[in-house]
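Here the structure comes first, spelled out in structure tokens, and everything after it is commentary.
Numbering (the working numbering), first residue to last: 342 to 670.
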């Protein structure tokens, strides 16, 4: 069988022999497409032909003797039939050619990678540009397989730490629950709680610009050891100074790790780690600080650890399935 591209080139150049025409219709996808187009366009074409014929008859009736109307009308009708037939053939040939060109040279669909992490697990991912992503527990991300666009965009749901390969001509953008974090070459973490109502960006080194498309035109540029926090409920932005290394220890140890962190930081990450919901009053969450690491401990074992390792007022917890309430007595 002749190469299909050769057939198309011959068709468009008007050099396709009649004996080679059948090969055009041996491709099932081409014939299907042309059948759909014909079915869609057949009725309008018939209406147009009838309309053109009637207009011509009216012109002839007003400008020619009566005895010549039928003869000229007959000639005109025959000419119209031949013309429309030829036009239809030309249009079908052009349509076939354009269809084949479209099928052969249509850009390949963009390939999107989607990654998920499970309970109590972290995943290290090499991105197409040489950047590295550490994906936290119960998180997911989406990105183009080749990063061929003007920007390198990753959609993140959950927790991720990024070490970005430098490429000033193509900004690296992480989108997560309403915020965009843009970097050229840097290391930073993006975290959102399970409900997606609370989003953080923590910069370890370099520089990032944080924006909130659809919320405000204002942008926020972070320096190392700064944390950006956005609450979708209050629509409030807070930029604060933190120890970014403490926040991002988990990606180095490939486990959940905290050093002297308050429960307000720990509990949302435990929710991600165990895929559970933990309710804790704000005054307790900001007062209690812990240092510990987790690998394969159960949720109950971790809660017992929190309950027994404080020298302050003892904490208690009550668990109902995957719902936990922390309180003081």
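We put the beta carbon where it would ideally sit given N, CA and C, even for glycine.
Taking Cβ positions, are residue i and residue j nearer each other than 9 Å?
| i | j | result |
| --- | --- | --- |
| residue 612 | residue 632 | no |
| residue 625 | residue 644 | no |
| residue 469 | residue 488 | yes |
| residue 531 | residue 561 | no |
| residue 547 | residue 524 | yes |
| residue 455 | residue 483 | yes |
| residue 636 | residue 461 | yes |
| residue 668 | residue 659 | yes |
If you draw a straight line from the alpha carbon of residue i to that of residue j, how long is it in whole angstroms?
| i | j | result |
| --- | --- | --- |
| residue 474 | residue 594 | 14 Å |
| residue 557 | residue 670 | 43 Å |
| residue 522 | residue 563 | 10 Å |
| residue 422 | residue 516 | Bear in mind that a pLDDT of 44 at residue 422, under 50, signals an unreliable position, so the number given afterwards is only what the model happens to contain. Approximately 59 Å between the Cα atoms of the pair. |
| residue 588 | residue 452 | 33 Å |
| residue 590 | residue 597 | 8 Å |
| residue 627 | residue 553 | 27 Å |
| residue 529 | residue 582 | 14 Å |
| residue 607 | residue 592 | 15 Å |
| residue 641 | residue 493 | 40 Å |
| residue 491 | residue 664 | 44 Å |
| residue 619 | residue 639 | 15 Å |
| residue 567 | residue 578 | 13 Å |
| residue 609 | residue 486 | 31 Å |
| residue 518 | residue 533 | 7 Å |
| residue 457 | residue 497 | 10 Å |
| residue 570 | residue 649 | 31 Å |
| residue 549 | residue 514 | 9 Å |
| residue 481 | residue 542 | 16 Å |
| residue 467 | residue 559 | 32 Å |
So, under 8 Å CB-CB, residue i and residue j are touching, yes? Tell me the CB distance rounded to an integer number of Å.
| i | j | result |
| --- | --- | --- |
| residue 646 | residue 629 | Wrong, their Cβ atoms sit about 12 Å apart, outside the cutoff. |
| residue 551 | residue 520 | 6 Å |
| residue 544 | residue 565 | 6 Å |
Comparing alpha-carbon positions, which option in the options lies nearest residue i?
| i | options | result |
| --- | --- | --- |
| residue 585 | 620, 507, 527 and 561 | 527 |
| residue 666 | 458, 622, 484 and 649 | 622 |
| residue 459 | 608, 643, 499 and 580 | 499 |
| residue 617 | 478, 649, 634 and 485 | 478 |
| residue 634 | 662, 660, 658 and 602 | 602 |
| residue 662 | 648, 650 and 615 | 615 |
Return no unless some Cβ of chain B is closer than 9 Å to the Cβ of residue i.
| i | result |
| --- | --- |
| residue 491 | The structure shown contains no chain B; it is built from a single protein chain. |
Evaluate the contact criterion for the region 460-474 versus the region 497-506: three or more CB pairs, one atom per stretch, below 8 Å.
Short answer: they touch.
Below 8 Å, can you find three or more Cβ-Cβ pairs linking the region 536-550 to the region 560-579?
When Cβ pairs closer than 8 Å are counted between the two stretches, the region 536-550 is seen to touch the region 560-579, the count reaching three or more.
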